[in-house]
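Notes follow the structure.
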Amino acid sequence: MPAEERIAENLAYINWTVLTGLAVGAFAAVLLGRLRTDATRGFLAFTALCAGLFGILAYLSDSALPSAVPGSAIVSDPAFDAPRRAALAIFAVVALAYVVVIARRGRAPALGLTGLGAGIAALLAGALGWGGGFPAAVPLFLQLLVLTAATGGVFAAMILGHW
Numbered sequence: 001m002p003a004e005e006r007i008a009e010n011l012a013y014i015n016w017t018v019l020t021g022l023a024v025g026a027f028a029a030v031l032l033g034r035l036r037t038d039a040t041r042g043f044l045a046f047t048a049l050c051a052g053l054f055g056i057l058a059y060l061s062d063s064a065l066p067s068a069v070p071g072s073a074i075v076s077d078p079a080f081d082a083p084r085r086a087a088l089a090i091f092a093v094v095a096l097a098y099v100v101v102i103a104r105r106g107r108a109p110a111l112g113l114t115g116l117g118a119g120i121a122a123l124l125a126g127a128l129g130w131g132g133g134f135p136a137a138v139p140l141f142l143q144l145l146v147l148t149a150a151t152g153g154v155f156a157a158m159i160l161g162h163w
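100 is the number that our numbering gives to position 100 of the sequence shown; each next residue is one higher, with no gaps.
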């Protein structure tokens, strides 16, 4: 099977990875910025809003993932579908709630850490569901974490650069 066809068949997983990475990574940058810097509320609130919206899109993308793609390297374990979706939903709600916290000049580290934890839980559930279970999923989980840090950090930096 040509590479183009394999990519097209797995595009839903690629979309999930990019959207979830942007959402969780941008939120991590917001949380770090809120708790450790004097970044402006406007920048942090806007970036948190974007993270929440990306989280909603990731959730919608997750609900459209195929259960099986013939010939794909990804063999999905449906046992991780519900936990992954729940973690994404919690993440999106918390990220949007954090926008309100920032707008009201609050810090709410517990709420922020809850959101970040939910995002990381979604990444872990994705890795376990698509990586062949533990311990085979560890490299995929690490790749997802690195991608999340890179894409979310770059997204937040681009917003800051234009702020």
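Positions of the beta carbon are idealized from the N, C-alpha and C atoms, including for glycine.
* To do: With a 10 Å radius around its C-beta and 16 neighbouring C-beta atoms as the bar for buried, classify residue 133 as buried or exposed.
  => exposed
* **Distance between residue 108 and residue 143 (C-alpha atoms, nearest Å)** => 29 Å
* Cα-Cα separation, residue 82 to residue 118 -> 13 Å
* To do: Give the C-beta separation of residue 84 and residue 129 to the nearest angstrom, bearing in mind that I take them to be a contact with Cβ-Cβ under 8 Å.
  => 6 Å
* What do you get for residue 112, buried or exposed, if any count of 16 or more other CB atoms within 10 angstroms of its CB means buried? -> buried
* Might you give, ordered along the chain, the residues of its own chain that have their beta carbon closer than 6 Å to the beta carbon of residue 163, omitting 5 neighbours on each side? => 43
* Residues in its own chain within less than 6 Å of residue 56 by CB, not counting five upstream and five downstream? -> 92
* **Within the stretch 93-147, ranges of the alpha helix (DSSP H) (whole runs, at least 4 residues)** => 109-130
* Using the Cα positions of residue 62 and residue 38, report the straight-line distance between them to the nearest angstrom. => 35 Å
* Among the residues of its own chain, which have a CB less than 6 Å from the CB of residue 155, if the five just before and after it don't count? -> 22, 26
* How about residue 29 and residue 153: are their beta carbons less than 7 Å apart? -> yes
* For residue 125 and residue 45, the rounded distance between their alpha carbons -> 28 Å
* Per DSSP, what kind of secondary structure is residue 81 in: helix, strand or coil? -> helix
* Best match in 11, 49, 66, 36 for proximity to residue 103 [C-alpha to C-alpha] -> 49
* Residues in its own chain within less than 7 Å of residue 67 by CB, not counting five upstream and five downstream? -> 76, 78
* In terms of residues, what are the limits of the alpha helix (DSSP H) holding residue 30? -> 11-36
* residue 88 by DSSP, collapsed to three states: which one? -> helix
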